[in-house]
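Engineer:
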Amino acid sequence: MKILQDMLVKCLSSLGYFIDFVNVVKSNRPDLCDYQFDGAFKLAKMLHENPVVIGNNIVAKFKEIDDKNLVSDVVCVGGFVNFTLSDGFINYLLNEMICKPKFNVVMPKKERIVIDYGGANVAKPLHVGHLRPAIVGESIKRILRFMNQDVISDVHLGDYGLQIGQVIYGLKKESVLVDDIDISVLDMIYPKMSSLCKSDEYVKLQCADITKKLQDGDEEYQRYFKKILEVSIKDIKSNYDYLSVDFDLWYKESDAYKYIPMLTVLLNSQNLLTISDGALVVDVSNDNDKTDIPPFIYQKSNKAYLYGTTDLATILQRKRDFNPDKILYVADARQSLHFTQVFRVSKMIDELKNIDLEFLGLGTINGSDGKPYKTRSGNTPKLKELFKDCKELFKLNREENLSISDSDLDILANSIIKFADLQNNREKEYVFDMQKFSLVVGKTGPYILYTYLRVNKILINNERCIDKLSENIYNNQDRDLRMKLLELDSVMSYTFLNRLPSIMANYLYELCVLLNTFYEKNHINNLEDEKMKEDWILLLSLTNDVIKTLLDLLVIKIPSKM
RNA sequence: GUCUUAGUAGCUCAAUUGGAUAGAGCGUUAGCCUCCGGAGCUAAAGGUUGCAGGUUCAAAUCCUGUCUGAGACACCA
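Quick note on numbering: the first sequence equals residues 3 to 564 in the numbering used here.
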């Protein structure tokens with residue numbers, strides 16, 4: 003609501019009222035007004051005056067300068083300044099949305115941003131835990147691009163950590179030849195080795211040793227490693243393809259290794275490395291810390307490197323390759339301390355200190371019991387099985403679902419799971435209840451898709467023959483829908499600034515609710531009034547364009563029918 | 001133990017970051033297809049925002065204390 007805001011700023015300054023930021027927000031009392039300003043209270047405190055008097059002054063002045071009739075009414079109620087928009091102004095704004103690109107959303111300053119998400123590790127099967135980093139990351143990437151940012155996405159595969167040593171150890175122990183490695187073998191080996199290492203300290207040391215030797219270039223281990231990489235990446239790609247998640251870069255942890263010597267030089271030139279208990283560390287503690295931040299471990303006492311080192315080397319790599327303004331990390335919130343350490347070291351290094359580093363933490367996905375999600379059989383379900391289950395449950399739901407094509411079923415299963423995830427605040431954990439999700443009633447992906455498709459049917463049958471709305475608004479459902487469309491601008495900037503797809507997802511749902519209400523109350527096909535019909539076709543066309551765009555930003559495709 | 005984070009309707013979550021009467025979905029109850037897709041729509045019931053203080057015109061939101069859950073806390077990722 004930029005125009006209204008500018009007008010209010012003008013109004014306030016001509017009254018001699020100064021306030022640090024003027025914010026006109028959507029009213030939470032739609033019975034009273036459309037937009038609300040509560041600055042009169044702040045002014046009252048500053049000036050030691052009655053807020054009602056100040057509010058009334060603002061109202062009088064606003065009426066005086068509102069030569070374009072932006073508002074049909076502006077009143078002061080108990081200190082709140084309440085604006086009701088005029089039909090003309092509403093339609094003016096909607097027409098701007100129709101004819102300008104990207105619905106006339108105000109764009110932020112363009113920056114070059116690397117976004118790191120997905121969290122896949124080589125040789126570990128993708129499971130339900132990888133769902134959020136992939137979906138939320140992909141959605142944030144798309145939102146950044148919509149907001150005109152220069153974005154590079156990188157999957158940053160974990161391929162050089164201890165897990166690879168574990169898998170190689172397991173393959174050798176089971177006498178699997180390099181040529182016989184396939185995805186089913188890998189899927190079987192990792193969980194086995196992971197639990198073995200937890201119970202057997204000796205095996206763990208062996209695995210650590212293999213990891214170290216691999217990092218040092220051991221030929222035999224490198225052969226295993228290359229094959230594992232090939233098999234595993236193929237599988238990871240097919241999983242991400244299914245989710246419509248894609249990356250510009252498929253860099254791996256190991257690709258950052260060649261930057262470690264340079265990184266060491268940089269750290270040494272600033273005397274940042276110290277030895278502690280045989281390991282090379284960087285002290286990242288700070289006097290203002292409420293609790294001790296442990297030192298960042300640069301190199302283990304056995305000379306092997308940890309993921310913190312490769313993360314840091316990756317920042318250097320990105321700096322030199324792309325010179326980004328920002329790097330965003332979408333990862334499990336439990337890694338918060340790790341990123342705090344990495345970021346602090348990065349800020350100490352002269353070459354890297356100007357890069358903004360943002361950690362976007364994700365809450366865990368829990369089952370109905372409040373604990374991390376498991377299948378009925380008790381193990382962590384693999385991603386593909388999860389979608390298969392979802393499709394099966396969805397088919398049982400309705401007889402008609404049996405006739406839906408398999409590709410549309412995939413789209414619907416994607417919409418169910420993605421919308422269920424993205425409507426939640428990414429920082430909070432949430433309960434994943436497949437039974438509930440596949441029932442598909444209420445606030446779900448298919449609800450949005452259904453709304454889109456039924457309205458789209460009208461648009462197919464009625465050609466859009468004007469490109470500008472008239473001055474009219476015809477009834478309450480009509481006005482509610484138009485007002486909701488006007489919120490898009492502020493929703494997008496809030497979503498962008500906070501990197502919260504959930505804000506946009508909830509807006510999309512609310513928009514669909516109003517669209518459905520409109521649809522039930524107004525039967526366009528039966529209309530006699532041609533002008534009304536033309537306006538409404540255009541309005542519905544705009545609404546569906548918005549829905550389609552937001553669905554894409556939520557990584558949800560539209561099925562041909564459902 | 002220290003730090004972080006959460007606690008809102010029976011259940012799962014909102015609340016544009018201090019604004020007016022705390023909103024949705026599920027579930028429950030009662031309605032709505034001669035009509036563009038009923039996976040829909042219209043209503044109703046359901047709340048001392050964990051508890052106790054405090055700050056101010058105004059608190060779910062900020063501060064203090066307290067209870068409960070979750071998580072993190074140097075050679076795993």
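The beta carbon of each residue, even a glycine, is placed where N, CA and C say it ideally should be.
Mind reading off the beta-carbon distance from V344 to D313? Whole number of angstroms is fine, and I expect it under 8 Å.
Structural biologist: Sequence index remark: in the first sequence, residue 344 carries index 342 (1-based). Sequence index remark: in the first sequence, residue 313 carries index 311 (1-based). Sure, about 5 Å apart at Cβ, within 8 Å.
Engineer: Work out the CA separation of I100 and K111 for me, nearest whole Å.
Structural biologist: Along the first sequence, read from residue 1 onward, the residue named residue 111 stands at position 109. Along the first sequence, read from residue 1 onward, the residue named residue 100 stands at position 98. Each residue's Cα considered, the two are about 23 Å apart.
Engineer: Closer than 7 Å by C-beta to T276: which residues in its own chain qualify, once you throw out the five before and the five after it? Chain order, please.
Structural biologist: Taking the first sequence and counting its residues from 1, one reaches residue 276 at position 274. Within the same chain, T276 has close Cβ partners V283, D285.
Engineer: Just how far apart, CA to CA, sit P127 and V233?
Structural biologist: Taking the first residue of the first sequence as 1, we reach residue 127 at position 125. Taking the first residue of the first sequence as 1, we reach residue 233 at position 231. Each residue's Cα considered, the two are about 11 Å apart.
Engineer: So which of P448, D40, N106, Y119 has the shortest CA-CA distance to L570?
Structural biologist: A question about residue 570 goes unanswered here, because the residues of the chain that appear run from 3 up to 564.
Engineer: Strictly by DSSP, which residues pair up with D334?
Structural biologist: As a first step, residue 334 must be located in the first sequence, where it is residue number 332. D334 is bridged to L364.
Engineer: Helix, strand or coil for L173 per DSSP?
Structural biologist: Within the first sequence, numbered from 1, the residue matching residue 173 stands at position 171. Three-state DSSP puts L173 in a helix.
Engineer: So, at 8 Å on beta carbons, what are the nonlocal neighbours of D189 in its own chain, with the 5 sequence-adjacent residues on each side left out?
Structural biologist: Counted from its first residue, the first sequence places residue 189 at position 187. Around D189: P127, K384.
Engineer: With DSSP as the reference, label V108 as helix, strand or coil.
Structural biologist: By 1-based counting over the first sequence, the position of residue 108 is 106. V108: coil per DSSP, three-state reduction.
Engineer: Buried or exposed: S201, going by 16 or more other Cβ atoms within 10 Å of its Cβ?
Structural biologist: Mapped onto the first sequence, residue 201 falls at position 199. The residue in question, S201, is exposed, as its Cβ has fewer than 16 Cβ neighbours within 10 Å.
Engineer: Who are the near neighbours of S155 in its chain, counting only those whose CB is closer than 6 Å to its CB and skipping five residues on each side?
Structural biologist: To locate residue 155, count along the first sequence from 1; it is residue 153. Within the same chain, S155 has close Cβ partners I117, K143, F249, D250.
Engineer: Which partner residues of T311 appear in the DSSP bridge assignment?
Structural biologist: Translated into positions along the first sequence, residue 311 becomes position 309. Bridge partners of T311: none, in fact.
Engineer: Can you list, in chain order, the residues of its chain whose CB lies under 7 Å from that of N59, leaving out five sequence neighbours each side?
Structural biologist: As a position in the first sequence, residue 59 is number 57, starting the count at 1. Once the five neighbours on either side are set aside, the close Cβ partners of N59 are L17.
Engineer: Can you tell me which of the three DSSP states I558 falls into?
Structural biologist: By 1-based counting over the first sequence, the position of residue 558 is 556. Correct three-state label for I558: coil.
Engineer: N304 and A210 - do their beta-carbons sit closer together than 8 Å?
Structural biologist: As a first step, residue 210 must be located in the first sequence, where it is residue number 208. As a first step, residue 304 must be located in the first sequence, where it is residue number 302. The answer is yes: Cβ separation under 8 Å.
Engineer: Beta strand (DSSP E) containing R114: first to last residue?
Structural biologist: For the purposes of this step, residue 114 is taken as the residue at position 112 of the first sequence. Here the beta strand (DSSP E) through R114 covers 114-118.
Engineer: Is the Cβ-Cβ distance between F396 and I418 less than 8 Å?
Structural biologist: The sequence position of residue 396 within the first sequence is 394, counting from 1. The sequence position of residue 418 within the first sequence is 416, counting from 1. Yes, these two residues count as a Cβ contact at 8 Å.
Engineer: Ordered along the chain, which non-local residues of its own chain (more than five positions away) have a Cβ less than 6 Å from that of K355?
Structural biologist: Your numbering for residue 355 matches position 353 in the first sequence. K349.
Engineer: Is the stretch 540-547 in contact with the stretch 458-471, if contact means three or more CB pairs nearer than 8 Å?
Structural biologist: Verdict: yes, contact present.
Engineer: I'd like the span of the alpha helix (DSSP H) that includes V54, first residue to last.
Structural biologist: Here residue 54 is taken as the residue at index 52 of the first sequence, counted from 1. Segment 53-67, the alpha helix (DSSP H) holding V54.
Engineer: Cα-Cα, which of S240, G363, D410, I450 is closest to F421?
Structural biologist: Here the question's residue 421 lines up with position 419 in the first sequence. It is I450.
Engineer: Would you report the Cα separation of L483 and F85, rounded to the nearest angstrom?
Structural biologist: Reading the first sequence from its first residue, position 481 is the one you call residue 483. Reading the first sequence from its first residue, position 83 is the one you call residue 85. Their Cα atoms are separated by approximately 18 Å.
Engineer: Going straight from the alpha carbon of N508 to that of L552, what length do you get?
Structural biologist: For this step, residue 508 is matched to residue 506 along the first sequence. For this step, residue 552 is matched to residue 550 along the first sequence. Answer to the nearest angstrom: the Cα atoms are 11 Å apart.
Engineer: Per DSSP, K28 is paired with what?
Structural biologist: The count along the first sequence starts at 1 and reaches residue 28 at position 26. DSSP lists Y37 as partners of K28.
Engineer: Please confirm whether Y511 and R456 have their CB atoms less than 8 Å apart.
Structural biologist: Counted from its first residue, the first sequence places residue 511 at position 509. Counted from its first residue, the first sequence places residue 456 at position 454. No, these two residues do not count as a Cβ contact at 8 Å.
Engineer: Assuming the contact rule is C-beta atoms closer than 8 Å, L364 and V138 should be a hit. Round their C-beta distance to whole Å, please.
Structural biologist: Indexing the first sequence from 1 puts residue 364 at position 362. Indexing the first sequence from 1 puts residue 138 at position 136. Right, the Cβ-Cβ distance comes to about 6 Å (below 8 Å), so this counts as a contact.
Engineer: Taking the straight line between their C-alpha atoms, what separation do you get for V493 and G120?
Structural biologist: As a first step, residue 493 is located in the first sequence; it is residue number 491 there, counting from the start. As a first step, residue 120 is located in the first sequence; it is residue number 118 there, counting from the start. Each residue's Cα considered, the two are about 25 Å apart.
Engineer: Just the C-alpha distance for P103 and I505, rounded to the nearest angstrom, thanks.
Structural biologist: Taking the first sequence and counting its residues from 1, the one referred to as residue 103 is at position 101. Taking the first sequence and counting its residues from 1, the one referred to as residue 505 is at position 503. Between P103 and I505, the C-alpha separation is close to 22 Å.
Engineer: Near T453, which residues of its chain fall below 6 Å by C-beta distance, leaving aside the five closest residues on each side in sequence?
Structural biologist: Looking up residue 453 in the first sequence gives position 451. Once the five neighbours on either side are set aside, the close Cβ partners of T453 are C514, L517, N518.
Engineer: So, using beta-carbon positions, are L245 and G167 closer together than 8 Å?
Structural biologist: Sequence index remark: in the first sequence, residue 245 carries index 243 (1-based). Sequence index remark: in the first sequence, residue 167 carries index 165 (1-based). No. Outside cutoff.
Engineer: Can you tell me where the alpha helix (DSSP H) holding T453 begins and where it ends?
Structural biologist: Residue numbering aside, residue 453 sits at position 451 when the first sequence is read from its first letter. Run containing T453: 447-463, per the alpha helix (DSSP H) assignment.
Engineer: Starting from S74, trace the beta strand (DSSP E) in both directions and tell me its first and last residue.
Structural biologist: Residue numbering aside, residue 74 sits at position 72 when the first sequence is read from its first letter. It spans 73-79 - the beta strand (DSSP E) in which S74 sits, taken as one unbroken run.
Engineer: Please list the terminal residues of the continuous alpha helix (DSSP H) segment that includes V11.
Structural biologist: Here residue 11 refers to the residue found at position 9 when the first sequence is read from its first residue. Start and end: 4-17.
Engineer: I think L72 touches L96, with their Cβ atoms under 8 Å apart; what is that distance to the nearest whole Å?
Structural biologist: Walking along the first sequence from the start, residue 72 turns up at place 70. Walking along the first sequence from the start, residue 96 turns up at place 94. Their Cβ separation, rounded to whole angstroms, is 14 Å, which puts L72 and L96 out of contact at 8 Å.
Engineer: If we require 4 or more residues per run, which alpha helix (DSSP H) segments fall completely within the stretch 132-198?
Structural biologist: As far as the stretch 132-198 is concerned, its whole alpha helix (DSSP H) runs of at least 4 residues are 133-148, 164-175.
Engineer: Short of 6 Å in beta carbon distance, which residues of its chain neighbour V351, apart from the five on each side in sequence? Order them along the chain.
Structural biologist: Your numbering for residue 351 matches position 349 in the first sequence. Note that residue 351 corresponds to Ile in the displayed sequence, not to Val. So the qualifying residues of the chain are L268.
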